[in-house]
Structures are given as C-alpha cells and as structure tokens.
Amino acid sequence: MTKFISLLIIALTFLSSATFAETLKVASWNIAWLGSHEYNQRKAADYQKLARYARELDADVIALQEVESEKWAAKVFGDEYDYFFTTKDWVQRVGVAVRKSSGYKATAVEYRELDQGLARRGMDVTLTKNGKSVRLLAVHMKSGCFDKALDQASIAKMPSSNEKELYAKTACAELARQAKPLEAWVDARAQEGVPFLLLGDFNRRFVKDISLNHTEIQGLWQTIDDEGAEALWAPTIDAESKCWGGYYKDYIDHIIFDPKAKARYVINSFDQLVFKPKYTKELSQTLSDHCPISVELNL
Numbered sequence: 001m002t003k004f005i006s007l008l009i010i011a012l013t014f015l016s017s018a019t020f021a022e023t024l025k026v027a028s029w030n031i032a033w034l035g036s037h038e039y040n041q042r043k044a045a046d047y048q049k050l051a052r053y054a055r056e057l058d059a060d061v062i063a064l065q066e067v068e069s070e071k072w073a074a075k076v077f078g079d080e081y082d083y084f085f086t087t088k089d090w091v092q093r094v095g096v097a098v099r100k101s102s103g104y105k106a107t108a109v110e111y112r113e114l115d116q117g118l119a120r121r122g123m124d125v126t127l128t129k130n131g132k133s134v135r136l137l138a139v140h141m142k143s144g145c146f147d148k149a150l151d152q153a154s155i156a157k158m159p160s161s162n163e164k165e166l167y168a169k170t171a172c173a174e175l176a177r178q179a180k181p182l183e184a185w186v187d188a189r190a191q192e193g194v195p196f197l198l199l200g201d202f203n204r205r206f207v208k209d210i211s212l213n214h215t216e217i218q219g220l221w222q223t224i225d226d227e228g229a230e231a232l233w234a235p236t237i238d239a240e241s242k243c244w245g246g247y248y249k250d251y252i253d254h255i256i257f258d259p260k261a262k263a264r265y266v267i268n269s270f271d272q273l274v275f276k277p278k279y280t281k282e283l284s285q286t287l288s289d290h291c292p293i294s295v296e297l298n299l
C-alpha cells in the first residue's frame, strides 16, 4: 500500500506540473501594406477576416512587418496587446505585439543599426517574468536578394543593364550591409547569455544559402550562424511553406533560436497558419501575401 501511495503521489505531481506548465506562443506575420499607403485597399470586411485569423493564431507575442502603427495593428489584433513599433518615417514599419494578459514585462529598444540605405529598422524586445527573460529581435530585411552571394566581389559582378537587374544588385548590396549589424546583435546576445530569438521577414531563403554552400561572407545564414553560444537553428529551414498553395515553397519568414532558446522549444510546435481560400492576387492584397508562422516555448 505504501508503495502504491508513493507512486500515486509521483503521478499526481507529474500531472500537476504538466497541467500548469506555462508556454509562450511566439509568432511572426507580415501583413502586407497595413497602413495609410495607397496600396492598402482593404475594406471593413477584410479587417474582419484578418481579425479572425489573428484570433486563430492566438499568439502571446507577434513580430509584425509592414504595419504602420499601433492604430493599424489594433484593427487586426484589438486592444489586448501592447504594441512597440520602429519610428522610421515609412509605412512599412517593424513592430512587436505583446499580449497584456501574458504577464510579461516588455522592454523595447529600436535597433537602428539595420537601417542601411532604404532598409527597415529592427525592434529589440526583452520579455521578463518571474525573474526569467527571453530577448527577441524582430526584423524585416531588405527584399530582392533571396539567394545571391553577398560578398562584394560577387555583387560587383552582378549585371545592371536594366531596371530589374539594377534593383537586384542594389538590394544585395543593402542586405550585405545589414548582415553586419545583424551578426553583431547575435554576437552580443550570445555573450549576454539570455535566451534569444530572431524573427520576422528576412527576405532570404536560408535553405538556399545552405544548399549553395555559401561562405560566411556570401550567405546571410552563414554570416549569423556560428558555433557554441552563437549556433543557430530555425524550423523553417527543413520545412516547405504551404502558404497560398505552396506557391513559394522556401520560407523567407523565419523564427531563429539560439541554443538556450532551442532548449525551451516545444517539440513539433512550429506551425504555419494557412489561409483557407485559394490564391488570387486580390486576396493576397486584402489578407496578405505572407501566412503567419509560430512556435511555442516552455518557460
């Protein structure tokens, strides 16, 4: 009987800890042109659809891209979140939404170092609760250089005989400049020792960086991924995107973990919220051309 009671106590203790274990759901969503720009032609019904997907996403923390301000974010996520946005005078801002009821204290600092040329700034947010912290850098990196080599010699050889080629060459040059402060942020966080995540729209197919065997100065992934405390991991590298029927199978939106954050990753929690309608250009403009992605962390 004594042995039975001991086993029962152990079982109840396990169930209690499993029941009350706290998780943090972290997401990233580029909501295309959500702001006052003329490209945003959404009507009231479109905001209602976005709000339904936001409720289905049900994340505690969301990195936002292409959202102008708290006013526009609240049209989708409501007043249940505190919002932190970059301040560059451009409607495509980067922000972070933190659910008020999560109990996390958020400290936000604009990471201006990513502002290279026409590029967007990052939002650096530290979340603290019960003496434990996790740090996030939300980004929207320069678009137009999805897998080209980023070293100066390769960029110099890129053609520029027409507008499209010139844009790609300029984009790669700007992304290369952004790679340095992005790496610097990773290096500093690794020394700090607090678990951290980088998340957002990187406009970079990391799976291609790896398959093309880029060097550290050629690939964005190779630039930021090092050894030890700077060894990074992202579930998007080994997954195919199903957004809008898998039109683009390689992810450019990513949630990246350092080793300490990965130790808290809830196995198989990576998810992509796929929009239900079939793709049309109009729908990709009224919903978004990006589907939100999310992970969960054990705390």
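Oh and the sequence shown: position 148 is 148 in the working numbering, straight run, nothing missing. Backbone N, C-alpha and C define an ideal beta-carbon position, used for all residues, glycine too. Since we're looking at a predicted model, the values are computed, not measured.
Query raised in the report: How many Å lie between histidine 140 and asparagine 130 at the Cα?
Result: 30 Å
Query - Sub-8 Å separation of alanine 108 and phenylalanine 84 beta-carbons - result: yes
**Report entry** Residue range of the beta strand (DSSP E) that includes valine 76
**Finding:** Where valine 76 is concerned, there is no enclosing beta strand (DSSP E), although the alpha helix (DSSP H) it sits in stretches over 70-77.
Query raised in the report: Does the region 91-98 come close enough to the region 150-166 to have 3 or more Cβ pairs within less than 8 Å?
Result: no
Query raised in the report: Is the beta carbon of serine 69 sitting closer than 8 Å to the one on leucine 199?
Result: no
Query raised in the report: Per DSSP, what kind of secondary structure is lysine 129 in: helix, strand or coil?
Result: strand
Report task. Could you check if isoleucine 62 is buried or exposed, using at least 16 other CB atoms within 10 Å of its CB as the buried criterion? Result -> buried
Requested in this report: Determine the burial state of arginine 55: buried for a count of at least 16 other Cβ atoms within 10 Å of its Cβ, exposed for fewer.
Outcome: exposed
Query raised in the report: aspartate 82 lies in the beta strand (DSSP E); which residues open and close that run?
Result: 81-85
Report task. Enumerate in chain order the residues of its own chain whose CB-to-CB distance from leucine 297 is below 6 Å, with the five nearest sequence positions on each side excluded. Result -> Leu24 and Arg264
Requested in this report: Rounded to whole angstroms, what's the CA-CA distance from tryptophan 233 to aspartate 79? Just pull it up for me.
Outcome: 33 Å
Query - Exposure of aspartate 258, with buried meaning 16 or more beta-carbon neighbours within 10 Å - result: buried
Query raised in the report: In whole angstroms, what separates the C-alpha of alanine 44 from that of isoleucine 217?
Result: 46 Å
Query raised in the report: Alpha carbon to alpha carbon, how far is proline 181 from valine 125?
Result: 16 Å
Query raised in the report: Between the Cα of serine 101 and the Cα atoms of Ala179, Ser133 and Asp60, which residue gives the shortest distance?
Result: Asp60
Query raised in the report: When DSSP labels each residue in this structure, what does tryptophan 90 get in the three-state scheme?
Result: coil
**Report entry** Contact the region 236-247 vs the region 180-194: 3+ CB pairs below 8 Å
**Finding:** no
Requested in this report: Mark glutamate 174 as exposed unless 16 or more other C-beta atoms lie within 10 angstroms of its C-beta, in which case mark it buried.
Outcome: buried
Requested in this report: Check whether the Cβ atoms of leucine 273 and leucine 57 sit closer than 8 Å, and answer yes or no.
Outcome: yes
Query raised in the report: Taking Cβ positions, are lysine 143 and alanine 168 nearer each other than 8 Å?
Result: Reading off the sequence, residue 143 comes out as serine, not lysine. Not a contact, by the Cβ cut-off of 8 Å.
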